[in-house]
Every structure is written in C-alpha cells, then in structure tokens.
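Scroll down for the structure; my scribbles are underneath it.
Protein chains: 2
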Amino acid sequence: MEKLIIKRIAIDTYRENVAYMNSGCAVYRAAGFQALSKIKITADHHMILAVLNVVHDECIVSPGELGLSEQAFSQLGLPEGTAVLVDHPEPPISMDAVRRKISGGVLGYDDFVSITRDIIENRYSKMEMAAFLVACAETGLERKETLYYTRAMADSGQKLDWHEPIVADKHCIGGIPGNRTSMLIVPIVAAHGMLIPKTSSRAITSPAGTADTMEVLAEVNLEPKRLYEIVRKERGCLAWGGTSRLAPVDDILITVERPLGIDATGQMVASILSKKLAAGSTHLLLDIPLGPTAKVRHMQQALSLRKIFEYVGDRIGIHLEVMITDGRQPIGSGVGPVLEVRDVMQVLENRPEAPKDLRHKALNLAGRILEFDPDVRGGTGYVVARDILDSGRALAKMQSIIEAQGKKASVPEPGKLTFDIRADSGGVVSCIDNYQINRIARLAGAPLDKGAGVDLFKKLGDKVEKGESLYRIHAEFESDFKFSVRLAERNNAYTIGSREDIPRNPEEF
Amino acid sequence: MEKLIIKRIAIDTYRENVAYMNSGCAVYRAAGFQALSKIKITADHHMILAVLNVVHDECIVSPGELGLSEQAFSQLGLPEGTAVLVDHPEPPISMDAVRRKISGGVLGYDDFVSITRDIIENRYSKMEMAAFLVACAETGLERKETLYYTRAMADSGQKLDWHEPIVADKHCIGGIPGNRTSMLIVPIVAAHGMLIPKTSSRAITSPAGTADTMEVLAEVNLEPKRLYEIVRKERGCLAWGGTSRLAPVDDILITVERPLGIDATGQMVASILSKKLAAGSTHLLLDIPLGPTAKVRHMQQALSLRKIFEYVGDRIGIHLEVMITDGRQPIGSGVGPVLEVRDVMQVLENRPEAPKDLRHKALNLAGRILEFDPDVRGGTGYVVARDILDSGRALAKMQSIIEAQGKKASVPEPGKLTFDIRADSGGVVSCIDNYQINRIARLAGAPLDKGAGVDLFKKLGDKVEKGESLYRIHAEFESDFKFSVRLAERNNAYTIGSREDIPRNPEEF
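These protein sequence lines map, in sequence, to chains A and B.
In terms of our numbering, the first sequence opens at residue 25 and continues consecutively.
In terms of our numbering, the second sequence opens at residue 25 and continues consecutively.
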C-alpha cells in the first residue's frame, strides 16, 4: 500500500489523536475510509490510532501527506517527513466483553485485562469508554469482578517497590468539600520517619482533588525516577498519580468520567486500590465520610463499602484499615485549590484562625497511620501526631517537600470576582449540602481555575442573623461567575433552623 | 464580549461540529476555554454548539477568527465574515436524568422529553449519548418508560397526517441476513391501492437495512414535501426515514449505536414505534423472526416482545399485529445491498432462479397487510398478493416508485474481490449462523460499500459434498476483504450434519 508523509498540524485536540487526510489522496479513496472513522498509522515499530478528519484544502494537507494533530504527532514520536502506512485498525475485540456486561453478564480477569490493554493502546473511542463505564456503573460489579478489575488495572502500568516493610498511604473516598487532610497527614507522617509516598488523582466530580490543590504550591507532575528520589530523601511526597505511569488506564478513564459526572462503587474501589498496589503501598488508611449529603449517607452503606475494600485489599496483600468519619458538612473554610491551600497553611503554621475541624481530623487520621509503626503504642498516635504538628516539624517537612517537588514562584490570589451569599432568615445553621457547595464551586471554575471556589464563614451549629454572609463565591471568569451565582441564588446549600435539627455526628455513634 | 469573524475550514468532521480558535485569541484566553470543551456560537437568531480545537497556526485561523468545520459552518447557516459571539454553553440539564437512570432510577415523560430535546439541539457529546444508550440498555426500560420514550421521540420532530383511514406499514425487528421483504411488500400493497408510505432506517449492526439496499436502485433521501407527493401518486414509497425529520433523535443516536454495536429492547421498541407514529401510520404489521441465531431465540421471548409492542401500540393509537416468522437462517441468497437487490428483482420479475423463501415470506406478510382492508376477506390476503406479484403489477409498481424517487443511473456490480468458502466435510446443512454471516458481510464492507457482502449457494437441508462452495464473499477494498476472509476461515457460520439436526420451523408450531 502507498505511504504518506507525515506533517505536524498545529491543532491541539487535547487527549484525542486526530489525523488529517486530503480528500484527493489515493490512500483515502482506495481504502474506503470515512470521516471520523478510526485509522491505524504505522512506521517501523511505532503505531498510533487516530480519528480521521477529511480535508478539502491543500494548504492544510496535500494529497501525499498525512496531517497529525499535536497529540498524535507527539505520540507517534517520529520526525516530520517520515513515510507512514495507514490502514483500518482491527476493531477492539474487548468491546465484546463490554457488550456482554451490558446484557447482564459477569466478566472475568481476562476480560478486564483485555479491556484495560485496549484502552491503554488507544483502541477505545471516548464513546466506547463511556459505554464501558456506564455498563460497570449501572448494575454494578460483583466483588470478584472488582478484584479482577483492580488487578488488571494495577498490571496495566509500572509498579513501584520501595523495599521497606511499611509503605503507608491514606485515601478518602471523597465527596466532602475542603477535605484536604492529606496535605497535613503526609508532612506529619513523613516527619515521624514513616514512608508515605502519596500520589493523588485530580478531581472527578468535586471542585478539587489533592493533586489540584498541591499544584498551587508545587509541581505535582513528577516522573517516576524523580518521585522515587524525592520520597527516598523526604520520606513522603504529594504528587499526581497520572504521569507516574501507575495504573495509567485510570487516568484515561477519568477524561470520560469527569464530563459525564459518574462515579460508581466498583470503579471507585478498583481505581483506588489498583493505584495503591502499583504504588507499592503496604498499609492503607481509608477515610469514609458519612453524612446526609456525603457520598455515603447511611451507616449500613459505609459498612458494606468497608467490606468490599477489605475483601479486595486482603486478596491483593494490602493491610487496610477503614475510618468512618464526620461527613455532615465541608471541612475547613475554603473550597477550591487556592482557598484550601490557605486553610492547610494556617494549620501547619499553628495560626489561631486555622480551621479547628481540619486540624482535628488530620491529627485523628495521621495518628491511626502512625500506629502502623510497631513502636507506637496503640492509642497514642493522636498525641504523637499533635506533637509533630505543634512543634513546627510538620511545617518544616512540608516546606522541604515543596522545595523537592519544585516550588511554584507564587501562590495566586483567590478569584477577583466575588459575591456574598447571605442568610434569608436568622437562626442556627442546621444543614450544609456538600453536593450543592461542590456544584457551586465547580461552576465558579474550580479546579481548572485555581483561585475559583467558595469561602465558608458559617458552619453547623453557628448562629446567624438575617442578611449575614454565609459564604463568598470567588471566580476568575465572568461566565463561570454568572452560572455559579445563579445556581447559589436558586439553592444556597444552607438550612437555617434550630440546634435540634443538626444531624448526629457519626464519629460519636 | 468581543466578537470573532467566522471562516469556513475545509475539514470534514462528519456529524460532529468542530470549531477552530487560535491560541493567541483574546476570547480564548479571557473565557478560559479548553481544547475539546464544548462552546456555544451565536449570531442573530442562529446558534450552534461545537467542540473546540485550539490552533497554533495563523494560516489556519488567525486570532480574530473562528474557524468552523464544514458541518459546523453549514449548520450555523451564516456567510463567511459574519461576526459571532462565543460563550460557554449551559451544561445539558437532562444529564441529571441520565445519571438517575444509571443509579437505578425510573424516568418519566418529562425526562425523556428533555433528553430528546437536548440531543436534537446538539447539547450531547457522543460520550454522553453513549452513556444514555447504555444506561437504558443495561437494566432495560420499564414498559411505561418505553411508552414515554416513544412519545417523546415522536414529538421531537415533524409529524405526517395522510388524511386516510388506513395508512399501512410493516417492520421487521431485524437480525436476519438478506431479509428484504419490504421491497416486495410495498409494491404489492401499493399496487392493490392501499397507502404504504414506508420509511426505513439504515443498518445498525447488520450488513444492510432496507434504506441501504433501496439506495442501490433509487434516491432514498427525500424531503418531506417530495415524499408526500410521491406517496400521493404511487400509494407507496421506500425511503430513508432520516432526512424526513420524523423522530430525528433516533437518527442522531444511530451514529453512536452503530459503532458501539448495542441494540436494546426498550430503545428498539421506542425507535420503531416513534417513527411509525410520526409517519402517520394507522396499521402496522411487525415481523419477529425466531431462530437459534436470530435476535429472538425462544418463543417465550418473542411473546414478551409482542406484549410490549402491543402495550405501547395500543396507547399511541396504532393498530398493530405481530407475526412470528422463520428466523433459522438468512432469507434469499444475497447479503449486502447489491446482492439483495438482485434477489428482489428476480422475485419481482418472476424468474425461475428467484429465491423461493424470499417470495414466500413476502407474500405471507403482504397478505396479512392486505387483510387490513375491510374489503379483503379474512384468509384470502395471500392469494390476492400472489395474483398481484404473478401478474407483473408489483414489478410495474416498483418501477414507477423507483422513477418517482429518482432512479440511479446504473446498478453497481457485486464487489470484484471474491473468495469462496467451501465445506470441510460432506452431509446436510443443519445450521447457518445468522450472526456470523452478518459479521462476515459487514467486515467485507457492507453496507457502506454497496457491492460488498456474501452470496449463499446452500441453505438449510441442502446436501453438500466436501470441498463444495457454501458461499462467496464479495468485497471492494483489500483490507476489508482480508478481514472478512480471515473471519470466515476461523468460523464459516455453517454446520454440516444430518437432516435430524435441523431445528424446527417456528411457523409450524
């Protein structure tokens, strides 16, 4: 078959490979390609798949050329002018398994291996990934399927081995705005000398993940080799799991999960535990917040989630403990990367205005992790953690982690467009809807606009006067700002009632 | 906000709108758009949504311009040089309903109305459409949901009213290769004088739909006005339902269903009946083929499908009858548009080599439709239909329908690349796998390559010698040809056994 000469087209198509072929091209006509069909591009041992766009303009590509968008060009990794072969790709065979799942089947380990491989090799379109995710979300995965999927995901990329008996990690299943405990736990635990190489994902449906927030202070995209050196020296890190090539399939699927806003149990368990397994974690503390507007709303649900984590954890050899925590309202005051960084730094610096709930929760979790150390007596972890924080050793550790990862020149200000949401009536704050606060902060532009978000002035149990500010919306761009304010005016997420209306704290059960 | 000047970019992006913005553009930076995000483009009362590609090359678009792919340009419908506003689109609110469905909820009429409206207004990405389709496929739609969805789809476009007491239609649920009875039934019924304005969809997972096959002989993309005139004059037509603006949402969803290869009950029932309702049909004959490799494999399944059709049909006011037919093997000899046209014309021309099973089935179905006429005595429809066919009146009617729709200059030959699949052993053909024949014909290039497909020489009960040809693969392009032959060599779809192994004909139950 005739070859085409590749040409870089300066078009950014994000995570999607696009190839441009002139409609007068012999290959185009002979092979019977259609616009938007997938094509396979090969030369030597390089191969990529791309979506075809057909061009009727020789200035963009001429009939003998094959244009490649920036992503496609860099993924193929060959210089301009290279001759390549273009062909129909074999259809992704693993879509048969996805269709089996859609019609109610149960998938095995081999199915998950071939699905994850096909996704990594870029054989799935976004549409096909959406089909897979929804198929797994709707009737759910059986616990065996979740185990198989976890293993397949962990096996899909590199694996780290730290050659230490305790490699600690913590993870929160999310849903609670402002819950940035990792940025306190990691410096406390690392200051104690326990290894805690924390990699986090970015937000899926929330206004910020730990990686999004840490990125305000330091570089989080670290190559595996660099990450390894930092952890060896600092005993801890706060990095993004994405570019580290650990369970990479998860990072691809996130580009579909995020815009769809789906977040299902089996997918969540497999996604969390495969990352931990690939990261070489031996001990894991899982935080499951419980509350009327948290992801987990009933104790029964929290317990069954604990079981599935324990089932998979035991079978992949991770020592796993679960803490069910207070998820009735946001943690701290800031929601959105820059505002959360402010809260975290106030706690590390032991400032009087530091949010007490954030400090307390971080110490609680850090204490449990410190107790993984055989030398820490059961029940004393909290006190050990508090000493590390109060003495300033946690702050010093955080500063040296930031330096090691690559300190950002400056921390941006909160978004300049602001609007205060005020109480309609006086009383006591009896409910704050986490979900609605998340939506308001996301519409304001978080996490992509670092300074966007919500700054809370009132928390559960606080007294408010009619007209008093409940919180402030921050945004960077006019249209996001409008959407966010409009949403908050329709439903401001706060209920003003009396002290008796406040739901019970699950930590006191 | 600043305006941009539109420029047509000669890139064909099929059914997806793409807009190109220079990365140096003030609007791009001010609004915080991301590559692949969706943008809203407005001017006067024109509005489209498009996917954004970011360009780093002033030759393609300069900072003051907004490039539009051919589809986007023609959908916006404004001349080059027009100043347009670019903004973030409101997120499709109906995705909340899709997420409710994913987490096990039941949707109401209003949900389906808002989902179909958002799809038609191009607010859904392909990924979001895939999520909706899989969500409805996996746990299925309750029959009430199917009714609501049918009404919402029918209401989503134009509706025809023929002002006649009987507007007949037939529909087969598909799955049987070569089953081109509509192209015989329409001329027979129309020759009798009964109104039968048949619109068909294109193939979803099969190698040809009636619209794909009819297109070999005549134009099938007819504007509503033209279609109306043809039917008034000829009493029948064989057109594609797509461009006629009847239940248009279905034609959009097909672009996602086809590559995903999903085809679920609720979606199927709603899709079929909404088209019929919008087309103004009053009487409908439904053909449900039953066989071990048909879509419907057990009598119990056929009966429950009949119930759901009857349930919805009764509530939307269509007189509906169901025939459960022999679906044990392909109908006729040819599979793929050009080969099927050959079979159909042989039957219409009363040639001795015409496939007997195709003739018999068409007469059976046409007879039942003719009995919708109060003047045709119950049980005599078959004979009336046979007289119309044998006398040449059906052929004459077909020719005049072809002329009316726009006759094609010439009928293409079957694909020139051919390969014969031969029997491994001698015996009697005891099973032909419809699904595998469909896959082989599709991989050969059908329905997009009209001449591609499979030509069957042996049917159930035929004796074969070892090495004798079972069928011939036809293809137009080398790479399709290779895939198809490779698939047929791995599994040729035929079982050679003895006469006793042949499954029972469901028409004889």
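Using N, Cα and C, we set each Cβ at its ideal position, and we do this for glycine too.
Check: Integer Cβ distance of Ala-67 (chain B) from Thr-106 (chain B), believed to fall under 8 angstroms; Outcome: 6 angstroms
Check: Exposure of Gly-315 (chain A), with buried meaning 16 or more beta-carbon neighbours within 10 Å; Outcome: buried
Check: Cβ-Cβ separation, Ile-209 (chain B) to Ile-393 (chain B) (assumed contact under 8 angstroms), whole Å; Outcome: 7 angstroms
Check: Best match in B:Glu-437, B:Val-280, B:Arg-523, B:Arg-330 for proximity to Val-365 (chain B) [C-alpha to C-alpha]; Outcome: B:Glu-437
Check: Residues bridged to Phe-443 (chain B) [DSSP beta-bridge criterion]; Outcome: B:Ile-497
Check: Reference Thr-174 (chain A); option with closest CA among A:Leu-284, A:Ile-139, A:Glu-239; Outcome: A:Ile-139
Check: Exposure of Cys-83 (chain B), with buried meaning 16 or more beta-carbon neighbours within 10 Å; Outcome: exposed
Check: According to DSSP, residues forming a beta bridge with Cys-261 (chain A); Outcome: A:Pro-221
Check: 7 angstroms Cβ cutoff met for Ile-286 (chain B) and Ala-161 (chain B); Outcome: yes
Check: Environment of Glu-524 (chain A) [buried if 16+ CB atoms lie within 10 Å]; Outcome: exposed
Check: For Ala-192 (chain A), three-class secondary structure by DSSP; Outcome: strand
Check: Cross-chain neighbours of Gly-285 (chain B) in chain A, by beta carbon under 8 angstroms; Outcome: Met-119, Arg-123
Check: Chain A contact residues for Cys-49 (chain B), given Cβ-Cβ distances below 7 angstroms; Outcome: What Cys-49 (chain B) touches in chain A: nothing, since even the nearest Cβ is about 13 angstroms away.
Check: Residues of its chain near Ala-227 (chain B), where Cβ-Cβ distance is below 7 angstroms and the 5 sequence neighbours each way are ignored; Outcome: Gly-233, Asp-236, Pro-471
Check: Ile-276 (chain A) versus A:Arg-204, A:Asn-458, A:Ser-149, A:Lys-27, residue with shortest Cα-Cα distance; Outcome: A:Ser-149
Check: Nearest-angstrom Cβ-Cβ length linking Asn-458 (chain B) and Ala-318 (chain B), presumed shorter than 8 angstroms; Outcome: 6 angstroms
Check: Within 7 angstroms, strictly: CB atoms of Ala-43 (chain A) and Leu-92 (chain A); Outcome: yes
Check: Reference Pro-376 (chain B), options B:Glu-395, B:Glu-345, B:Arg-352, B:Asp-414, closest by Cα; Outcome: B:Asp-414
Check: CA-to-CA distance, Glu-427 (chain A) to Val-240 (chain A), given in whole angstroms; Outcome: 13 angstroms
Check: Extent of the continuous alpha helix (DSSP H) to which Ala-107 (chain A) belongs; Outcome: Taken as a continuous stretch (DSSP letters only), Ala-107 (chain A) belongs to no alpha helix (DSSP H), being part of the beta strand (DSSP E) at 107-111.
Check: Beta carbon proximity, Met-71 (chain A) to chain B, threshold 7 angstroms; Outcome: no
Check: Beta-carbon neighbours of His-498 (chain B), restricted to chain A and to distances below 9 angstroms; Outcome: Here the premise fails: no neighbours, minimum Cβ distance about 14 angstroms.
Check: Within the segment 264-338 of chain A, ranges of the alpha helix (DSSP H) (whole runs, at least 4 residues); Outcome: 272-284, 289-302
Check: Bridge partner(s) assigned by DSSP for Gly-521 (chain B); Outcome: B:Val-452
Check: Close Cβ partners of Phe-136 (chain A) (< 6 angstroms) along its chain, the five nearest in sequence each way excluded; Outcome: Tyr-172, Tyr-173, Ala-176
Check: Spatially closest choice to Ser-180 (chain B) from B:Glu-281, B:Gln-99, B:Gly-198, B:Ser-295, by CA coordinates; Outcome: B:Ser-295
Check: Start-to-end residues for the alpha helix (DSSP H) that takes in Ile-412 (chain A); Outcome: 405-414
Check: Local Cβ density within 10 Å of Met-119 (chain B), reported as buried at 16 or more and exposed below that; Outcome: buried
Check: Buried/exposed call for Leu-391 (chain A), threshold 16 Cβ in 10 Å; Outcome: Residue identity check: residue 391 (chain A) is Gly in the sequence provided, not Leu. Answer is buried; the Cβ neighbour count reaches 16.
Check: Amino acids of chain B, ordered along the chain, whose beta-carbon sits closer than 8 angstroms to that of Cys-196 (chain A); Outcome: Residues of chain B passing the Cβ test: none, with the nearest at roughly 21 angstroms.
Check: Counted within 10 angstroms of its Cβ, other Cβ atoms place His-322 (chain B) as buried (16 or more) or exposed; Outcome: exposed
Check: Reduced DSSP secondary structure (H/G/I, E/B, other) of Gly-358 (chain B); Outcome: strand
Check: Cβ distance (whole Å) where Lys-421 (chain A) is taken to contact Ala-214 (chain A) below 8 angstroms; Outcome: 5 angstroms
Check: DSSP state of Ala-34 (chain B) mapped onto helix, strand, coil; Outcome: coil
Check: His-80 (chain B) beta carbon less than 7 angstroms from that of Leu-102 (chain B); Outcome: no
Check: CB contact below 7 angstroms: Ser-328 (chain B) versus chain A; Outcome: no
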